[in-house]
Each structure stands twice: as structure tokens, then as C-alpha cells.
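Start counting at 1 in the sequence shown, then tack on 89, and there's your number in my numbering. Virtual Cβ for every residue (Gly too), placed ideally from N, Cα, C.
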Amino acid sequence: MNKIDAESFKNRYKQFYFYDPGNPISDEDFDRAGVPKDLNRTNPELEKNITDKISNGKFDAESFAWKAGRAEHFDYSKPLSNGNGYSIKYNKEGEALTGNKFQQYVENHQIKVEKYDFSKEEDRKKLFQEIKKEYTLFNYGTVYIINQMFFLSKGAVPIYDRFAHIAVKALMMDKSPLEVFVPYAPLKNDHPKGKEPIKKDYYLAVNILEEYMWLLKEVFPDEIHKNGDVMYIPRELDQALWVYGHATEKWTLEDSK
Numbered sequence: 090m091n092k093i094d095a096e097s098f099k100n101r102y103k104q105f106y107f108y109d110p111g112n113p114i115s116d117e118d119f120d121r122a123g124v125p126k127d128l129n130r131t132n133p134e135l136e137k138n139i140t141d142k143i144s145n146g147k148f149d150a151e152s153f154a155w156k157a158g159r160a161e162h163f164d165y166s167k168p169l170s171n172g173n174g175y176s177i178k179y180n181k182e183g184e185a186l187t188g189n190k191f192q193q194y195v196e197n198h199q200i201k202v203e204k205y206d207f208s209k210e211e212d213r214k215k216l217f218q219e220i221k222k223e224y225t226l227f228n229y230g231t232v233y234i235i236n237q238m239f240f241l242s243k244g245a246v247p248i249y250d251r252f253a254h255i256a257v258k259a260l261m262m263d264k265s266p267l268e269v270f271v272p273y274a275p276l277k278n279d280h281p282k283g284k285e286p287i288k289k290d291y292y293l294a295v296n297i298l299e300e301y302m303w304l305l306k307e308v309f310p311d312e313i314h315k316n317g318d319v320m321y322i323p324r325e326l327d328q329a330l331w332v333y334g335h336a337t338e339k340w341t342l343e344d345s346k
């Protein structure tokens with residue numbers, strides 16, 4: 090793997106993360122970067138709101154809606170669904186929770202994270218297990234548990250996204266994002282095959298996060314807790330990786346010059 094120029098990479102792709110009518114991006118720029126024009130982009134005002142929540146370690150209904158791609162027109166009075174469009178419920182047979190009911194659930198199921206050292210895999214695993222045990226909501230799966238870990242840890246545990254995983258794996262392998270495969274996240278109850286009686290406390294979902302963190306450290310070593318920051322990687326790198334994971338063209342340093 091060639092050394093990645095993180096600043097060039099971020100500058101190349103983070104621009105496509107935002108939708109800003111006052112600063113439009115041309116179709117030619119989308120095409121040159123191989124970035125789909127129908128990408129579900131966000132607005133800078135929403136990003137500022139989310140960044141404030143991360144900085145304060147605040148997880149709430151809006152934090153969930155953001156991860157599910159539904160924060161743009163979030164309404165506390167309406168039913169809440171995940172990124173696949175499945176309703177969040179107390180149980181399989183129950184009615185969909187509104188944003189207000191989900192918020193009440195969060196307030197009634199507070200997770201205290203002061204006891205955890207987020208730099209330790211064992212503590213990350215224990216936090217995952219605690220949230221999984223406490224949040225028994227139906228259709229509240231692996232990526233949403235990790236998303237909750239992300240907010241509660243103020244970003245010390247990185248947010249997980251399959252497209253960002255594809256992006257960093259492609260960079261590691263010196264391939265385009267189209268040439269690498271990353272499976273969908275395991276279900277939150279998945280155990281290693283054949284190991285259920287022995288390791289009932291171990292979930293495969295934890296491993297997908299650990300693999301992603303390992304790849305980030307290998308590809309972007311200077312970005313990990315950059316300048317002593319609490320966050321595992323800067324938000325700008327998060328944004329650039331998410332965009333690149335959707336791209337059809339391989340990134341090269343020359344593209345950014």
C-alpha cells in the first residue's frame with residue numbers, strides 16, 4: 090500500500106458530503122470523482138448540530154435519525170424507522186415508536202460510559218454488550234448500537250458505516266471501491282458459528298467495528314486521535330470516506346492536485 094496523503098484525500102471527497110445551494114458542485118466534478126449525483130448529502134447546519142451532540146457525548150432520537158439518514162426532516166411526532174425503512178418498535182408485534190417515544194426510551198435507559206476506557210477493545214466490547222442488553226428495541230441493530238457508542242464516547246469509538254469500511258479497505262488494497270467487498274454488518278445477536286455454547290457473550294458485530302478501526306489505523310496512522318483529539322478520526326475524514334465508499338473511480342493523489 091502506498092502512503093496516503095490524508096489532507097489531499099479529505100479535500101478531494103469531503104466537498105461532496107454537503108449539499109449547499111449557495112456553493113453548488115458541477116456535474117463534471119461529480120463525474121471526474123466518480124461520485125453518484127444522487128448521493129444522500131447533508132446540509133452544513135445539520136452537521137453543526139450533530140457535531141455539537143458528539144462533542145457533548147449526547148445521544149438522543151435525533152442522533153439515531155441522523156444515522157438512519159432521516160434527520161433532514163426529522164419530526165418527533167412521526168414514526169421512527171431505521172435506514173432500511175423498518176419501524177423501530179418495543180417488540181416485533183408492537184407499533185412503531187414516534188421520535189417522542191424513542192426519546193423517552195433513551196431517557197429511561199441511560200448508559201453511563203465513565204467506567205469505560207474506549208482505547209481498550211475489551212471495554213468497547215463490554216459497552217456494546219451493555220447497550221445491546223439495555224436497548225431491546227426491535228429493528229435497532231448493530232450499526233445503531235455502534236452509532237450510540239460513537240455519540241456517548243464523544244467520537245472515541247468511531248461511527249461505523251459500510252461505505253466508509255469499503256473506502257478504507259479499497260485504499261488499503263490499492264483498489265477502487267467497486268473492486269472490494271465488505272459484507273453487511275452481522276446481526277446484533279450473531280455468534281461465531283459453532284461457538285454458541287462456549288462464547289455466548291461474544292458477538293460478531295464487535296469484530297466488524299474492530300476490523301474497521303484496524304484498517305483506519307493502518308491507512309491513516311496520523312489521523313488517529315489527531316492533535317490529541319478525543320475523536321478516533323476527524324469528522325472530515327469520516328465524511329470523505331463515506332463519499333469515497335460510494336465512488337466508482339479509484340482515487341489517486343494526482344486527482345487531488
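Cα-Cα separation between M262 and K190, rounded to whole angstroms: Position 173 of the sequence shown, counting from 1, holds the residue named residue 262. Position 101 of the sequence shown, counting from 1, holds the residue named residue 190. Those two C-alpha atoms are separated by around 44 angstroms.
Please report how far the alpha carbon of W331 lies from the alpha carbon of V124, in whole angstroms. Indexing the sequence shown from 1 puts residue 331 at position 242. Indexing the sequence shown from 1 puts residue 124 at position 35. Computed Cα separation, rounded: 11 angstroms.
Going by DSSP, what residue range makes up the alpha helix (DSSP H) through A329? Here residue 329 corresponds to residue number 240 of the sequence shown, with the count starting at 1. First-last of the alpha helix (DSSP H) with A329: R324 to H335.
The stretch 219–236 contacting the stretch 178–193, beta-carbon criterion three pairs below 8 angstroms: yes
Residues near E325 in its chain [Cβ-Cβ closer than 7 angstroms; skip 5 each side]: As a working note, residue 325 is residue 236 in the sequence shown. K99 and K103.
If you reduce the DSSP assignment to three classes, tell me which class F163 lands in. Here residue 163 refers to the residue found at position 74 when the sequence shown is read from its first residue. Coil, per DSSP.
My assumption, with CB atoms under 8 angstroms, is that I235 sits in contact with I248. Please give the rounded CB distance. Taking the first residue of the sequence shown as position 1, residue 235 is located at position 146. Taking the first residue of the sequence shown as position 1, residue 248 is located at position 159. I235 to I248, Cβ: 7 angstroms. Contact.
S152 to K315, Cα distance in whole Å? Residue 152 sits at position 63 when you count from the first residue of the sequence shown. Residue 315 sits at position 226 when you count from the first residue of the sequence shown. Answer to the nearest angstrom: the Cα atoms are 24 angstroms apart.
Helix, strand or coil for P133 per DSSP? As a working mapping, residue 133 is identified with position 44 in the sequence shown. In the structure shown, P133 sits in a helix (DSSP, three-state: H, G or I).
Please return the same chain residues whose Cβ sits closer than 7 angstroms to the Cβ of W155, not counting the five positions on each side in sequence. Position 66 of the sequence shown holds residue 155. If we look at W155 and ignore the five residues flanking it on each side, its Cβ neighbours are I139.
Would you call the stretch 164–173 in contact with the stretch 103–122, where contact means no fewer than 3 C-beta pairs closer than 8 angstroms? no
Does DSSP put A67 in a helix, in a strand, or in coil? Limits of the chain in this structure are 90 at one end and 346 at the other, which puts residue 67 out of reach.
Exposure of V308, with buried meaning 16 or more beta-carbon neighbours within 10 Å: Translated into positions along the sequence shown, residue 308 becomes position 219. Buried, since its Cβ has 16 or more Cβ neighbours within 10 Å.
Taking DSSP as the reference, what is the three-state secondary structure of F98? Your numbering for residue 98 matches position 9 in the sequence shown. The answer is helix: DSSP assigns F98 an H, G or I state.
How is F270 classed by DSSP in three states: helix, strand or coil? For this step, residue 270 is matched to residue 181 along the sequence shown. In the structure shown, F270 sits in coil (DSSP, three-state: anything other than H, G, I, E or B).
If you follow the alpha helix (DSSP H) that I255 is part of, which residue opens it and which one closes it? For the purposes of this step, residue 255 is taken as the residue at position 166 of the sequence shown. R251 to M262 is the extent of the alpha helix (DSSP H) around I255.
State buried or exposed for Y273, treating a residue as buried only when at least 16 other CB atoms are found within 10 Å of its CB. As a position in the sequence shown, residue 273 is number 184, starting the count at 1. The residue is exposed, with fewer than 16 neighbouring Cβ atoms inside 10 Å.
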